[in-house]
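To start, the structure under review is shown below, and the notes come after it.
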Amino acid sequence: MTSSIAIWSFILILVLALLADLNRIGKRYNQVDWGSKFLNKIDGVFRYYCLNFHNLKFDGIDPKANRFHLPNEGGALVISNHLSGIDPFFLIAACDRPIRFMIAKEEYERWYLKWLFKGAGCIPVDRTGRADIAFRQAKRALDHGEIIALFPHGKIHLDHEQPYRVKPGIKKLAELSKVTIFVARLTGVRGQGDVFSPLFLRSNSVVTQHPNLTLNYFSEDDSLLRLGELLLGHRKSL
């Protein structure tokens with residue numbers, strides 16, 4: 002009995018020590034105000050995790066910048082290729098403003114993550130035919146000066162797979178909002194193609210920023226295909 006109490010006491014001390022350490026890391030590395038002290042600490046933990054475990058680096062259009070370049074204020078869209086389940090962490094760590102992700106409704110409804118998605122202002126997209134609701138939510142957020150992020154291929158799609166055009170939703174959202182589109186490409190992530198294994202695999206991840214796009218870009222017939230190829234690394238520029 003005494004041995005059992007000692008073991009559980011030791012486990013409790015370890016858990017409390019871990020929580021205290023995460024609290025300290027969250028405070029130290031937090032750089033963005035998400036409107037909640039708790040979410041701000043999670044932001045700090047994400048940044049620490051990406052910078053130290055995944056050795057996150059930035060390769061941008063501004064060689065002196067050590068992060069993804071976004072406007073100081075006003076709405077904007079951020080788009081990226083999608084390699085793994087932790088890609089949102091990298092984009093959050095790369096940006097110096099809160100970003101709201103558009104994610105599939107079935108992912109948003111996961112009971113163990115919904116509290117986090119909801120707190121971070123994620124927008125669930127019903128891909129069974131009610132996507133317009135999500136687009137209206139995104140437009141309102143953009144009109145109020147927020148940053149919306151999405152993966153326009155619509156799912157995890159690796160570089161070596163056959164390139165294909167991005168989904169037309171990005172064009173529709175650009176037409177509705179008329180905001181600037183900031184283009185990112187993720188590379189160097191281990192465990193690509195999986196949702197959970199990249200959490201535990203150290204990598205040398207890079208966020209590369211390409212030149213921005215405006216609504217005028219989509220006037221070309223093959224614009225969605227060329228954008229898809231750029232995000233997958235099959236072309237260097239548009």
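Heads up: the sequence shown is residues 2 to 239, going by my numbering.
Glycine included, each C-beta is placed from N, C-alpha and C at the ideal position.
Fair warning: this is a prediction, and the values are worked out from it, not measured in the lab.
Helix, strand or coil for Q32 per DSSP? DSSP places Q32 in the coil class of the three-state scheme, outside both helix and strand.
If you reduce the DSSP assignment to three classes, tell me which class V180 lands in. Three-state DSSP puts V180 in coil, outside helix and strand.
Neighbourhood of H145 by C-beta, 8 angstroms cutoff - its chain only, sequence neighbours within 5 removed: So the qualifying residues of the chain are G76.
Is the separation between the beta-carbon of A150 and that of L78 shorter than 9 angstroms? For A150 and L78, yes; Cβs fall inside 9 angstroms.
Expressed to the nearest angstrom, what Euclidean distance is found between the alpha-carbon atoms of R128 and A175? Near 19 angstroms, if we compare the C-alpha coordinates of A175 and R128.
Kindly indicate which residue of V184, K237 and W112 has the alpha-carbon position closest to the one of N213. Closest by alpha carbon: V184.
Compute the distance between the beta-carbons of K179 and L225, then report whether it is under 9 angstroms. No. Outside cutoff.
Option in R25, D22, I43 and N82 with minimal Cα separation from V208: Ranking the options by Cα distance to V208, first place goes to N82.
Going by CA-CA distance only, name the one from R101, G130 and K119 that's closest to R141. If we check each option's Cα against that of R141, R101 comes out closest.
In angstroms, rounded to a whole number, what distance separates the CA positions of N73 and F91? In this structure, the straight-line span from the alpha carbon of N73 to that of F91 is close to 20 angstroms.
Starting from F59, follow its DSSP beta bridges and name the residues at the other end. Note: F59 sits in a beta bridge opposite V208.
Alpha carbon to alpha carbon, how far is N205 from R137? Give it in angstroms, no decimals. Between R137 and N205, the C-alpha separation is close to 37 angstroms.
By the DSSP assignment, the alpha helix (DSSP H) with S224 in it spans what residues? Per DSSP, the unbroken alpha helix (DSSP H) holding S224 starts and ends at S224 to L232.
Alpha carbon to alpha carbon, how far is F59 from R29? Give it in angstroms, no decimals. CA-CA distance, R29 to F59, rounds to 20 angstroms.
With a floor of 3 residues, list each beta strand (DSSP E) that falls wholly inside the segment 107-131, ordered by position along the chain. Complete beta strand (DSSP E) runs here, min 3: 124-126.
Would you call the CB atoms of A139 and L114 closer than 9 angstroms? No; because the gap between Cβ atoms is not below 9 angstroms, this pair is not in contact.
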